[in-house]
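S.K.: Just so you know, we're using UniProt numbering here: the sequence shown kicks off at 1 and counts up by one.
We treat Cβ as the ideally placed atom computed from N, Cα and C, and that holds for glycine.
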Amino acid sequence: MFDLKKYIIKHFTKIKVVHSIPGRIRLKLSNMTKLPKECKFYDNYLKGAITMIEGIEEVNFNYIIGTIIIKYNINKVYEIKILKWLDKIVEIGIDNFEFIQTYGEKNLDYVIKTLEQDLKDAINII
Numbered sequence: 001m002f003d004l005k006k007y008i009i010k011h012f013t014k015i016k017v018v019h020s021i022p023g024r025i026r027l028k029l030s031n032m033t034k035l036p037k038e039c040k041f042y043d044n045y046l047k048g049a050i051t052m053i054e055g056i057e058e059v060n061f062n063y064i065i066g067t068i069i070i071k072y073n074i075n076k077v078y079e080i081k082i083l084k085w086l087d088k089i090v091e092i093g094i095d096n097f098e099f100i101q102t103y104g105e106k107n108l109d110y111v112i113k114t115l116e117q118d119l120k121d122a123i124n125i126i
């Protein structure tokens, strides 16, 4: 069944490569500049999810211009795998949207552990 809410969120989180050299990718995240300041609280969780792939060394967010810079070891991971992983992170977030809404404020640790397990299960698939 078509889920309009998930479709809208997926398109709200479009990721586009704006610059790439071996070992460094600059990504533009649509509408990132419009995110409320409260979202910055979750940066460390998102960085943790992104760096679950071996070889990702650094992740930096710039909310002013709406970009993410990812620095990585070219001997351990390649750009396409990183982009697939980012899509998987978004997909898992969207699939768990209602779960996050229901338990996120009451029991954030439980939500984080559940999402981390989902990510660990997915990491070998990409």
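Across which residues does DSSP place F41 in a beta bridge pair?
M.R.: Answer is none; F41 lacks a bridge partner.
S.K.: DSSP state of residue 127, grouped into three classes?
M.R.: The shown model of the chain, from 1 to 126, leaves out residue 127, and the question about it has no answer.
S.K.: For V90, which three-state DSSP category applies?
M.R.: Helix at V90.
S.K.: Could you tell me the alpha carbon to alpha carbon distance between L115 and K84, rounded to whole angstroms?
M.R.: 17 angstroms
S.K.: By a C-beta neighbour count over all protein chains shown, 10 Å radius and 16 as the cutoff for buried, is I56 buried or exposed?
M.R.: buried
S.K.: Measure the beta-carbon distance from I126 to K81 and round it to whole angstroms, keeping in mind my assumption that it falls under 8 angstroms.
M.R.: 6 angstroms
S.K.: Rounded to a whole number of angstroms, what is the C-alpha to C-alpha distance between residue 127 and T13?
M.R.: Lying before the first or after the last residue shown, residue 127 is absent from the chain, which here runs from 1 to 126.
S.K.: So, I21 versus L86, is the Cβ gap smaller than 8 angstroms?
M.R.: In this structure, L86 does not lie closer than 8 angstroms to I21 by Cβ.
S.K.: Considering only C-alpha positions, which residue in the set E91, N62, V18 and A49 is nearest to K113?
M.R.: A49
S.K.: For Y103, which three-state DSSP category applies?
M.R.: helix
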